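Residue numbering for the sequence shown follows full-length UniProt numbering, starting at 1 and increasing by one per position. Structure record follows, encoded as C-alpha cells.
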Amino acid sequence: MKFIDEAKIEVIAGDGGNGVASFCREKFRPFGGPDGGDGGKGGSIWAVADRNINTLVDYRYSKLHKARDGENGRGADCYGKGADDIMLRMPVGTLIADHLTGEIIADLTEHGQVELLAKGGEGGWGNIHFKSSTNRAPRQKGDGKPGERRELQLELKVLADVGLLGMPNAGKSTFITAVSNARPKIADYPFTTLHPNLGVVRVGHEKSFVIADIPGLIEGAADGAGLGVQFLRHLQRTGLLLHVVDLAPFDDTVDPVKEAKALVKELKKYDEALVEKPRWLVLNKLDVVPEDERKKRVKDFVKRFGWKAPVFEISALNRDGCEDLVMAIYAHLAEKKQNEHRAEETSMTEEARGINSIDPDDPRFKLME
Ligand SMILES: Nc1nc2c(ncn2[C@@H]2O[C@H](COP(=O)(O)OP(=O)(O)OP(=O)(O)O)[C@@H](O)[C@H]2O)c(=O)[nH]1
Ligand SMILES: [Mg+2]
1 MKFIDEAKIE
11 VIAGDGGNGV
21 ASFCREKFRP
31 FGGPDGGDGG
41 KGGSIWAVAD
51 RNINTLVDYR
61 YSKLHKARDG
71 ENGRGADCYG
81 KGADDIMLRM
91 PVGTLIADHL
101 TGEIIADLTE
111 HGQVELLAKG
121 GEGGWGNIHF
131 KSSTNRAPRQ
141 KGDGKPGERR
151 ELQLELKVLA
161 DVGLLGMPNA
171 GKSTFITAVS
181 NARPKIADYP
191 FTTLHPNLGV
201 VRVGHEKSFV
211 IADIPGLIEG
221 AADGAGLGVQ
231 FLRHLQRTGL
241 LLHVVDLAPF
251 DDTVDPVKEA
261 KALVKELKKY
271 DEALVEKPRW
281 LVLNKLDVVP
291 EDERKKRVKD
301 FVKRFGWKAP
311 VFEISALNRD
321 GCEDLVMAIY
331 AHLAEKKQNE
341 HRAEETSMTE
351 EARGINSIDP
361 DDPRFKLME
C-alpha cells in the first residue's frame, strides 16, 4: 500500500548585503580614494537527501525556513560577511515542486544528493569597484540582491513499516490514533475500519516511521468470513507486525487466547511468510482490568498463548505504555535499517576492491608473490 506523505513549506533565502560608498580618510592621505567594501551574499537553502530520514513529518512542524541576510559592506575595504547556507535534510524519494506553478524543482533519488531550493542574493558592490580613470571618487554603490523565496510542496510515497493485526474491536484504530497523525473511525462495533489507514508516527526530531491499520480479522477470514484476508497483502512489505489483543472483552464468554490463536491460524493459511515476520504481542485495554488482576491476567495469557517474544501491555485509550512501545518499534526499525546499510556497503566495497573476482588459482597472483 502506497501512501503519500506530504508537507508544504516556505523557503526564504537571505538577501545580499549592500555595498557602501566610502572614502579613505586617513591623516597624511588626503585623497585616499574609495574604500567601500561589498555586501556579503545571503544564505541559500538546499535540500539534501538523507536515507536516515523516513518521512516528511518534521516539515509539518517547521514550515518556514529562512536563511540570514548577508552583512553590509563597510569602509576601509571591509567586505560584509556572507550568511551561512541552510541544508534541509529530506528522505530519499522526496519530490519537491513549486507550490504555485507545480514545476518540479528536484527529485531526490539518491542518498547525499544536494539540490538548490532558494538562492541567496548576491552582495552589492562597494564603491571600490566603480573607480575608473575618469572617476576617481565614485559615489556609486550596489544594493544587495534579494534572496529567492518559494513555497514548496514536498511529496513522498511511503510504505508502511509496521502493520497492525487483530480481531475487530481489539483497539487497532484507537492505537494508531494515539500514536500517529491518522484519524480513522473508532467505534464499539466490529468492522469499524473498512479500508486500511496509514499514519506517520513521530518519535523525535528526524525520527519517524509509518504504521498501517487494517480491518479486523475473524476466524474463517482466509475463507472469506468477515471482510476476508484481502487486506493482509498490505502487510507483506512491512518489517514488523503488532498483534493487538483485547485483554478485557466486554462479552466475558470470549476467550482472548482462543481468539489470538484463531488469528494466527488465519495468518498461516493466508501466507506463511507473514507468520515468519517479526511479530510482537500488544495486550490492550489494560485500563479495564482491575489493577491487582493485571499481572496474573497477562501472565496467564502469555502462558496459554505460548508466547516468548516481546509482549507489551498498553491502554490505547489512555495511552498508557504506548510511548514505550513506539520507542521500541523505532529502535527495532533503526537497527534493521542499519544492518541493511552495512550489508549493502560491505558488498559495495568488496565489489570495488574486486574481492569477489579474485581467483586464488589465477597464475598472475602466483607471479606477484
Ligand atoms: N477501555 C478501553 N477501550 C478501548 C481501548 N482501545 C480501544 N477501546 C475501545 O474499543 C472499541 C473498538 O476500538 P477500535 O479502535 O475501533 O477497534 P479496531 O480494532 O480498530 O476495530 P475494527 O476496526 O472493527 O477492526 C472502541 O469503543 C474503543 O473506544 C482501551 O485501551 N481501553
Ligand atoms: Mg478499526
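We treat Cβ as the ideally placed atom computed from N, Cα and C, and that holds for glycine. Just so we're clear, the structure is a prediction, and the values are computed from it rather than from any experiment.
Cross-strand partners of residue i (DSSP beta bridge)
i      : result
PRO34  : PHE23
ARG297 : DSSP, once it has assigned bridges, lists no residue as partnering ARG297.
ALA47  : LEU88 and GLU115
ARG342 : ARG342 is not bridged to any residue.
PHE175 : Partner(s): none; PHE175 has no beta bridge.
LYS66  : ILE12
TRP280 : LEU242
LEU152 : ILE9 and ASP98
ALA106 : ILE96
LEU164 : ASP213 and LEU242
ASP320 : SER315
VAL257 : Answer by DSSP bridge pairing: none, since VAL257 is not bridged.
PHE3   : VAL158
Closer than 8 Å: residue i CB and nearest ligand 4 heavy atom
i      : result
SER173 : Absence of ligand 4 is noted for the structure shown, with ligand 1 and ligand 2 being the only ligands found.
For residue i, the nearest candidate out of the options (CA to CA)
i      : options                           : result
VAL162 : GLY199, GLN140, ASP188 and LEU108 : GLY199
TYR270 : ASP292, TRP307, ASP223 and TRP280 : ASP223
ASN42  : PHE312, VAL311, PRO196 and ASP69  : Rather than Asn, the amino acid found at residue 42 in this sequence is Gly. Considering only alpha carbons, the answer is ASP69.
PRO287 : GLU272, ALA260, VAL275 and LEU317 : Correcting the residue identity first, residue 287 is Asp in this sequence and not Pro. Checking every option, the nearest Cα to that of ASP287 belongs to LEU317.
SER44  : VAL20, ASP252 and ALA118          : ALA118
ILE12  : ASP324, VAL20, THR134 and LEU116  : LEU116
LYS261 : HIS243, LYS277 and ASN135         : HIS243
HIS65  : GLU10, ASP292 and CYS24           : GLU10
ASP98  : LYS131, ALA187 and LYS8           : LYS8
GLY216 : ARG202, ILE186, ARG237 and VAL201 : ILE186
LEU267 : VAL302, ASP255, ASP85 and GLY166  : GLY166
SER22  : GLU103, VAL114, ARG139 and ASP5   : ARG139
ASP229 : LEU263, GLU293, ARG237 and GLU122 : The sequence shown places Val at residue 229, not Asp. Nearest C-alpha to VAL229: LEU263.
ILE96  : ASP84, THR109, ASP85 and ALA160   : THR109
GLY33  : ASP5, GLY124, LEU88 and SER132    : SER132
TRP125 : ALA106, ASP84 and GLU71           : GLU71
ILE214 : ALA106, LYS172 and THR346         : LYS172
GLU122 : PRO290, GLU259, GLY40 and ALA160  : GLY40
TRP307 : SER347, VAL257, ASP324 and GLY17  : VAL257
ARG237 : LEU164, VAL254, HIS129 and GLN338 : LEU164
Cβ distance (whole Å) where residue i is taken to contact residue j below 8 Å
i      : j      : result
ALA170 : ASP246 : 5 Å
ALA67  : GLY14  : 4 Å
ASP35  : GLY75  : 6 Å
CYS322 : ALA178 : 5 Å
GLY226 : PHE191 : 7 Å
VAL158 : PHE3   : 6 Å
GLY82  : GLY73  : Actually they do not touch by this definition, with Cβ atoms about 11 Å apart.
ASN127 : LYS145 : At roughly 18 Å, the Cβ-Cβ gap does not stay under 8 Å, so ASN127 and LYS145 are not in contact.
LEU194 : LEU235 : At roughly 17 Å, the Cβ-Cβ gap does not stay under 8 Å, so LEU194 and LEU235 are not in contact.
VAL92  : ALA49  : 5 Å
LYS336 : GLY239 : 6 Å
GLU231 : PRO196 : Per the sequence shown, residue 231 should be read as Phe rather than Glu. The Cβ separation is near 6 Å, so the contact holds.
LYS285 : ALA248 : 4 Å
THR94  : LEU154 : 6 Å
VAL326 : VAL201 : 6 Å
MET90  : ILE53  : 6 Å
Residue span of the beta strand (DSSP E) that contains residue i, given as start and end
i      : result
LYS207 : 207-213
VAL289 : Run containing VAL289: none; DSSP gives neither H nor E here.
ARG202 : 197-204
Extent of the continuous alpha helix (DSSP H) run through residue i
i           : result
residue 376 : Since the first and last residues shown for the chain are 1 and 369, residue 376 lies out of range.
ARG74       : Run containing ARG74: none; DSSP gives neither H nor E here.
LEU274      : 272-276
ASP58       : 57-61
**Item:** Inter-stretch contact (C-beta, 8 Å, three-pair minimum) for the region 315-335 and the region 198-209
**Value:** yes
Between the region 143-157 and the region 214-223, can you find at least three pairs of beta-carbon atoms closer than 8 Å?
no
**Asked** Should the region 305-315 be regarded as contacting the region 279-295, the criterion being three or more beta carbon pairs within less than 8 Å?
**Response** yes
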